[in-house]
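Just so you know, the sequences run in chain order Y and R.
Quick note: the first sequence uses the working numbering, first residue 942, plus one each step.
Quick note: the second sequence uses the working numbering, first residue 31, plus one each step.
Glycine residues also receive a C-beta, built at the ideal position from the N, C-alpha and C atoms.
Comments concern the structure below.
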Amino acid sequence: MRADLGVLLVAALVAAGCSAAPIPAVPPSSSSAPPVATGPRPLPAAADVHPVRLRIPAIGVDAATLVPLGLGDGHQLEAPARFEDVGWYAAGPVPGDPGPAVLAAHVDSRSGPAPFFRLRDLRDGDQVFVARSDGQESRFVVDRVQRYPKDAFPTDAVYGPAPGSALRLITCGGSFDAAKRSYRDNIVVYASTRWG
Amino acid sequence: MRTLPQLLLRPGGLTAAALLLVALTPVTAAAATAPGPGVGWIRVGHLSPKVPPVDIYFAPFGQAEKVVIRKAGYGAVTPYSSLGPGKYTLSMRPADAAASTPPALSATIEVAERTAYSLLVFATGPDGSLKGDLVTDDLTPPAAGKGRVRVVEGSAAIAPVSVDGPQGVSLAKDAPYGRTSSYVDVPEGRWPLQLSGGSVKSAADVDVKAGTSTTLLVTEDSGALKANPISDGAALPEPPKFGVETGGGGTAPSSGMPLWPVFAAVALLAALVVGRRAARAR
C-alpha cells in the first residue's frame, strides 16, 4: 500500500488515464464498394456473436467477461477503460472466425498487475482458449511473442490478413516513460490454430 | 498460386503400397527478421471421390510422424496449422490403419515464413492415381469493398466444370478435375452462382465478405455438383494504426520524474518494492 500511495499521488498530478504521446491523426481508409445494379444480394446481417471468456492457463489468465473496444481519434486501438478488463476489438472478427481477432488488456494499473501482466511470459506452443456467445470455444496456440517500440509498431504484421482463424493479444511492455505515463513498447502475442 | 508436379499412388488405391516421395519447394521466403509471428501455415484437402477416408500424419522432416487428423473423407479440408519455416513430411493412410502401414501418399513440404499452403489431393495421376497439388493461398487483402474467390474443381465424374455468377463474373471456365483457379475479386455480397458440368447444373449461394479470401470446393455427390465455400483468411475491415496504451505503470520501475522532486523519494521506494514484487512474480 505504501508503494501505491506514491504512485497514486503522482498520477493525480498528471492527466488521468494512461494516455501517451500524441499520435498523428491518420485518415481512416474509407472503403466504398462500388454500387452494383444487378448481381450479388446484400449479405444478411451478421449474428451478434462476441467473445465471452478468455483463458490462458500458462499464465493464469481467466477473464470471465470481455469488453468491446473501438478506435480512438488517431485510429489507434483503444485500451479497456478499466484496468481490470480484457477488451476485444469489436470491428474485427470474433475469435474463431476467419482473420486476426484482436484482444487487448492492460499490463498493470497504477498500483499493480492487470490481466495481461504476464503476457510476456507466454511461449511458443502455449494454449489460449476463447469462448463465444454462440457456445463455440476456439483453441489457439501461441506462435510467437514479440516486443515492439510503440513508435515503430508494425501495423501490417499485427493487424494484416491472416490465414484461417488467428488471434493477437496485445499489452504494454518495456520501460515506463513516467513523464508521458506510458510504456515505450507493446507486447504482441501471435497465435494460430494448430493440429494436434 | 503455384502448382507443383508430383505423383503419389498407383492404381489400386490406398491399399497399394506404392510410394513416391516428392519435394514440394515453394519459392519465396520472407526475411527471418521481418516482424510477425515467424511461422507459415498448412492445411490439407481430400478431393479424391473414390478414396475412402484417411488419417493424416505429419512431422518435421526426419522425425517420427504422428496422426494429426483422423478420418478425413472426400471433400474435407483440415483447418490451418501454423508451423515454423522448414521441411516437413505429410502422409495419408486409410483411416484407422496402423501407423506401420505403408502410406498411401507421402510428401515432403518446404514451408516458408508468412506463407499459407493448401495441399490438395486429387486422383489426377496416371490411371487415376493420387496426386497432391501444393497451392499457395493468398494473404494479401483484396481491394476495398471486395472479397476474393477461387474455385477448386474436385469433381472427377462430372468435369470439366464452369462456375459463373451475375454481372459476367466467371470464377472457373471449363476447369478440369484437379484445377485450382486463380483468385477473382468480386464485390461483397451473397452471390448466386451457377455450377455447370456438361448437362449437370446446380445453383449455390455463396457469401463473400469484403476483405476475405474464399476457396469454393466443387465436389460431386450422387451425380450432382455441390459447392462448399471454405475460408482462406481475412483482413481486419478497419485495421487500427499504431500500438495500444495498455498500462498504468504500477509495476514499472520509475525513472526520475524531475518535475516532481517532492515525490522522487516515494517513487523510488515504490520502484524498489514493486520491482521486487515483479521479480518474484516472474
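For the region 254–274 of chain R, list every residue whose C-beta sits within 9 Å of some C-beta in chain Y, in sequence order. 261, 262, 263, 264, 265, 266, 267, 268, 269, 270, 271, 272, 273 and 274
Let me check understanding here. Comparing Cα to Cα, which of Y:1059, Y:1033, Y:1089 and Y:1057 lies closest to residue 1107 of chain Y? Along the first sequence, one-based indexing puts residue 1107 of chain Y at 166. Comparing Cα positions, the closest option is Y:1033.
Proximal chain R residues relative to residue 1017 of chain Y, where beta-carbon distance stays under 9 Å: In the first sequence, the residue the question calls residue 1017 of chain Y occupies position 76. Think of a sphere of 9 Å around the beta carbon of residue 1017 of chain Y: the chain R residues whose beta carbon falls inside it are 270, 271, 272, 273, 274 and 275, in chain order.
Between which residues of its own chain and residue 1119 of chain Y is the CB-CB distance below 7 Å, once the five residues before and five after are set aside? The count along the first sequence starts at 1 and reaches residue 1119 of chain Y at position 178. Apart from sequence neighbours up to five positions away, no residue of its chain approaches residue 1119 of chain Y with a beta-carbon distance below 7 Å.
Spell out whether any CB of chain Y is found under 8 Å from the CB atom of residue 170 of chain R. Position 140 of the second sequence, counting from 1, holds the residue named residue 170 of chain R. Chain Y has a Cβ within less than 8 Å of the Cβ of residue 170 of chain R.
Ordered along the chain, which non-local residues of its own chain (more than five positions away) have a Cβ less than 8 Å from that of residue 283 of chain R? Reading the second sequence from its first residue, position 253 is the one you call residue 283 of chain R. Contacts found: 301, 304 and 305.
With 8 Å as the threshold, decide whether the Cβ of residue 1073 of chain Y is near any Cβ in chain R. On the first sequence, residue 1073 of chain Y is found 132 positions in, with the first residue counted as 1. No, residue 1073 of chain Y lies away from the interface with chain R (no Cβ there is under 8 Å from its Cβ).
Mapping the DSSP letters down to three states, classify residue 239 of chain R as helix, strand or coil. Position 209 of the second sequence, counted from the first residue, corresponds to residue 239 of chain R. Residue state, collapsed to three classes: coil.
Closest by C-alpha distance to residue 1139 of chain Y, when choosing among Y:1071, Y:1114 and Y:1128: As shown, chain Y starts at 942 and ends at 1137. That puts residue 1139 of chain Y outside it, with no answer to give.
Give the secondary structure of residue 1040 of chain Y by DSSP, where H, G and I count as helix, E and B as strand, and everything else as coil. For the purposes of this step, residue 1040 of chain Y is taken as residue 99 along the first sequence, with counting starting at 1. Residue 1040 of chain Y falls in the strand class under three-state DSSP.
Opposing strand residues paired with residue 226 of chain R [DSSP bridges]: Here residue 226 of chain R refers to the residue found at position 196 when the second sequence is read from its first residue. According to DSSP, residue 226 of chain R bridges with R:192 and R:231.
Got a sec, what are the start and stop residues for the alpha helix (DSSP H) residue 204 of chain R sits in? The sequence position of residue 204 of chain R within the second sequence is 174, counting from 1. Taken as a continuous stretch (DSSP letters only), residue 204 of chain R belongs to no alpha helix (DSSP H), being part of the beta strand (DSSP E) at 200–205.
Rounded to whole angstroms, what is the Cα-Cα separation between residue 992 of chain Y and residue 1007 of chain Y? In the first sequence, counting from the first residue as 1, residue 992 of chain Y sits at position 51. In the first sequence, counting from the first residue as 1, residue 1007 of chain Y sits at position 66. Residue 992 of chain Y and residue 1007 of chain Y: Cα-Cα distance of roughly 7 Å.
Which residue marks the beginning of the alpha helix (DSSP H) containing residue 1097 of chain Y, and which one marks its end? Looking up residue 1097 of chain Y in the first sequence gives position 156. Unbroken alpha helix (DSSP H) run through residue 1097 of chain Y: 1096–1100.
Span of the beta strand (DSSP E) around residue 183 of chain R: Translated into positions along the second sequence, residue 183 of chain R becomes position 153. Here the beta strand (DSSP E) through residue 183 of chain R covers 176–183.
Check for me: the beta strand (DSSP E) holding residue 65 of chain R runs from which residue to which? By 1-based counting over the second sequence, the position of residue 65 of chain R is 35. No beta strand (DSSP E) contains residue 65 of chain R, which DSSP labels as neither H nor E.
Would you check if the distance between the CB atom of residue 150 of chain R and the CB atom of residue 194 of chain R is smaller than 8 Å? By 1-based counting over the second sequence, the position of residue 150 of chain R is 120. By 1-based counting over the second sequence, the position of residue 194 of chain R is 164. Against a cut-off of 8 Å, the Cβ pair of residue 194 of chain R and residue 150 of chain R comes out as no contact.
So with Cβ pairs under 8 Å, would you call residue 91 of chain R a contact of chain Y? By 1-based counting over the second sequence, the position of residue 91 of chain R is 61. For residue 91 of chain R, the answer is no, since every Cβ of chain Y falls outside 8 Å of its Cβ.
Residue environment, residue 271 of chain R, which counts as buried when at least 16 other CB atoms sit within 10 Å: Within the second sequence, numbered from 1, the residue matching residue 271 of chain R stands at position 241. Buried is the call here.
Compute the Euclidean distance between the alpha carbons of residue 1099 of chain Y and residue 1131 of chain Y, then round it to the nearest angstrom. The sequence position of residue 1099 of chain Y within the first sequence is 158, counting from 1. The sequence position of residue 1131 of chain Y within the first sequence is 190, counting from 1. Their backbone Cα atoms lie some 8 Å apart in a straight line.
From what residue to what residue does the beta strand (DSSP E) around residue 992 of chain Y run? Numbered from its first residue, the first sequence carries residue 992 of chain Y at position 51. Run containing residue 992 of chain Y: 992–997, per the beta strand (DSSP E) assignment.
With distances taken from CA atoms, which of R:144, R:136 and R:229 is nearest residue 66 of chain R? Position 36 of the second sequence holds residue 66 of chain R. Out of R:144, R:136 and R:229, R:144 has the C-alpha closest to the C-alpha of residue 66 of chain R.
Would you say residue 995 of chain Y faces chain B, with C-beta separation under 8 Å as the test? The structure shown contains no chain B; its protein chains are Y and R.
Strand pairing of residue 1009 of chain Y, partner residues [DSSP]: For the purposes of this step, residue 1009 of chain Y is taken as residue 68 along the first sequence, with counting starting at 1. For residue 1009 of chain Y, which the question treats as bridged, DSSP gives the partners Y:1029.
Thinking residue 78 of chain R and residue 164 of chain R are a contact (beta carbons under 8 Å), I'd like their distance in whole angstroms, please. Translated into the one-based positions of the second sequence, residue 78 of chain R becomes position 48. Translated into the one-based positions of the second sequence, residue 164 of chain R becomes position 134. Contact doesn't hold; Cβ gap of about 16 Å is too wide.
Strictly below 8 Å CB to CB, what residues from chain R border residue 1049 of chain Y? Mapped onto the first sequence, residue 1049 of chain Y falls at position 108. Using a Cβ-Cβ cut-off of 8 Å, residue 1049 of chain Y is close to 277, 278, 279, 280, 281 and 282 of chain R, given in chain order.
Within 8 Å of any Cβ in chain R, is that where the Cβ of residue 1000 of chain Y sits? Translated into positions along the first sequence, residue 1000 of chain Y becomes position 59. Not an interface residue.
If you reduce the DSSP assignment to three classes, tell me which class residue 1093 of chain Y lands in. For the purposes of this step, residue 1093 of chain Y is taken as residue 152 along the first sequence, with counting starting at 1. Of the three classes helix, strand and coil, the one that applies to residue 1093 of chain Y here is helix, per DSSP.
Taking contact to mean 3 or more Cβ pairs, one atom from each stretch, closer than 8 Å, check whether the region 99–115 of chain R and the region 69–78 of chain R are in contact. By the criterion of at least three beta-carbon pairs nearer than 8 Å, the region 99–115 of chain R is in contact with the region 69–78 of chain R.
Pull up the distance between the alpha-carbon of residue 1112 of chain Y and that of residue 1045 of chain Y, whole angstroms please. The count along the first sequence starts at 1 and reaches residue 1112 of chain Y at position 171. The count along the first sequence starts at 1 and reaches residue 1045 of chain Y at position 104. Those two C-alpha atoms are separated by around 6 Å.
By the criterion of Cβ-Cβ separation under 9 Å, what are the contact partners of residue 989 of chain Y in chain R? As a first step, residue 989 of chain Y is located in the first sequence; it is residue number 48 there, counting from the start. Within chain R, no residue comes near residue 989 of chain Y; the closest Cβ sits about 16 Å away, beyond 9 Å.
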